[in-house]
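**Student:**
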Amino acid sequence: MAKAVKLNGKYQLEPNPALAARVLAGQDLETPGKKLEEEELKELLKRILLRLQALENG
Amino acid sequence: MITLIRAKDGTIKTFSEKPHSDYNLVLGETVEQLDLDFNTYAQRFRFSCGGRSGETLSVQQGSGDLLVDLDCPGVETVEVDINGLVDTLVVVNGKAQLTLSSDVPGVYLLQPADRRSYCAAGEAVLCIEVNPNG
């Protein structure tokens, strides 16, 4: 569960990197058919690993 | 008549209208009887958001601030637990309010922080899911 913080009198969730990565899951599924730059590949790999880590931590 | 079951550490595990005479206590658990009706007891600590209580709410990311009401009669301040963050709210005429941002997706879990005074069950727990855009 994401941590909550209080800022300017209201509570908000700390961003969850795995959830942010999951938002791009649909887009990422399209990437194997495309030619990717090295930086795009690194970002894709990072998102995959973040989601895998979240899955393993259950 | 309300029956409370307290865990070994004194926190309220559950409560009910039943006498629980056949309940098998785990080591260290205790039973208390209170001369209150169920609704009165259950509404000592009650979260609601948009008039809804005791259920999981779902909103879209970026849909604006969420105003959560807390009914907590008979006290001047109360501690709430928001995803593990414990904060003290000022209670005026039995009511307090807090604001949640919907800017970041995830799940809010609101419950009483003082589990010796309030049971984290029923309408004392509020779950709000902020769904990501995209």
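Here the protein sequences come in this chain order: U and H.
Quick note, this note's numbering runs 4 ahead of the 1-based positions in the first sequence.
Quick note, this note's numbering runs 6 ahead of the 1-based positions in the second sequence.
By construction, the Cβ of each residue, glycine as well, lies at the ideal position given by its N, Cα and C atoms.
The structure displayed is predicted, hence computed values, not measured ones.
Within 10 angstroms of the Cβ of H/S22, are there 16 or more other Cβ atoms? Answer buried if so, exposed if not.
**Tutor:** As a first step, residue 22 of chain H must be located in the second sequence, where it is residue number 16. Classification of H/S22: exposed, given that the 10 Å Cβ count is below 16.
**Student:** What does DSSP give as the partner residues of H/L10 in its beta bridges?
**Tutor:** Here residue 10 of chain H is taken as the residue at index 4 of the second sequence, counted from 1. Partner(s): H/F21 and H/E38.
**Student:** Just mark H/S69 as buried or exposed, buried being the case when its beta carbon has 16 or more other beta carbons within 10 Å.
**Tutor:** Locating residue 69 of chain H in the second sequence gives position 63, counting from the first residue. It is exposed - the Cβ of H/S69 has fewer than 16 other Cβ atoms within 10 Å.
**Student:** Would you mind giving the Cβ-Cβ distance between H/G112 and U/L54, rounded to the nearest angstrom? I have them listed as a contact below 8 Å.
**Tutor:** As a position in the second sequence, residue 112 of chain H is number 106, starting the count at 1. As a position in the first sequence, residue 54 of chain U is number 50, starting the count at 1. In fact, because the Cβ distance is near 14 Å, the residues do not count as touching under 8 Å.
**Student:** Terminal residues of the continuous alpha helix (DSSP H) containing U/D32?
**Tutor:** As a position in the first sequence, residue 32 of chain U is number 28, starting the count at 1. U/D32 -> alpha helix (DSSP H) spans A29 to L33.
**Student:** Quick one, which residues of the region 9-25 of chain U are near chain H if we go by CB-CB under 9 Å, in chain order?
**Tutor:** V9, K10, L11, G13, K14, Y15, Q16, L17, E18, P19, N20, L23 and A24
**Student:** Given a cut-off of 8 Å on the beta-carbon distance, is the pair H/I8 and H/F51 in contact?
**Tutor:** Indexing the second sequence from 1 puts residue 8 of chain H at position 2. Indexing the second sequence from 1 puts residue 51 of chain H at position 45. The answer is no: Cβ separation not under 8 Å.
**Student:** So, helix, strand or coil for U/K14, using DSSP?
**Tutor:** Residue mapping note: residue 14 of chain U aligns to position 10 of the first sequence, counting from 1. U/K14: strand per DSSP, three-state reduction.
**Student:** Report yes if the C-beta distance between H/V86 and H/V97 is below 8 Å; otherwise report no.
**Tutor:** On the second sequence, position 80 is the one that residue 86 of chain H refers to. On the second sequence, position 91 is the one that residue 97 of chain H refers to. Taking 8 Å as the cut-off, the Cβ atoms of H/V86 and H/V97 do not count as close.
**Student:** In terms of residue numbering, what span does the beta strand (DSSP E) encompassing H/R52 cover?
**Tutor:** Sequence index remark: in the second sequence, residue 52 of chain H carries index 46 (1-based). Note, H/R52: beta strand (DSSP E), R52 to C55.
**Student:** I need the boundaries of the beta strand (DSSP E) containing H/L31, first residue and last residue.
**Tutor:** The count along the second sequence starts at 1 and reaches residue 31 of chain H at position 25. Per DSSP, H/L31 belongs to no beta strand (DSSP E) and is neither H nor E.
**Student:** Classify H/V32 as buried or exposed, calling it buried when 16 or more other Cβ atoms lie within 10 Å of its own Cβ.
**Tutor:** Walking along the second sequence from the start, residue 32 of chain H turns up at place 26. Exposed, since its Cβ has fewer than 16 Cβ neighbours within 10 Å.
**Student:** Against U/K7, what residues of chain H qualify as contacts under a CB-to-CB distance less than 8 Å, listed in chain order?
**Tutor:** Here residue 7 of chain U corresponds to residue number 3 of the first sequence, with the count starting at 1. Near U/K7 (Cβ distances below 8 Å), the residues of chain H are N89, G90 and L91.
**Student:** Quick one: grab the DSSP three-state call for H/P79.
**Tutor:** Sequence index remark: in the second sequence, residue 79 of chain H carries index 73 (1-based). Coil, per DSSP.
**Student:** Using 10 angstroms around the beta-carbon of H/A130, count the other beta-carbons present and answer buried if the total reaches 16, otherwise exposed.
**Tutor:** Along the second sequence, one-based indexing puts residue 130 of chain H at 124. Counting Cβ neighbours within 10 Å, H/A130 comes out buried, since at least 16 surround it.
**Student:** Do the region 8-18 of chain U and the region 101-121 of chain H make contact, defined as three or more Cβ pairs closer than 8 Å?
**Tutor:** yes
**Student:** With respect to the beta strand (DSSP E) encompassing U/E43, which residues constitute its N-terminal and C-terminal limits?
**Tutor:** In the first sequence, counting from the first residue as 1, residue 43 of chain U sits at position 39. Here U/E43 belongs to no beta strand (DSSP E); instead the alpha helix (DSSP H) covers E42 to N61.
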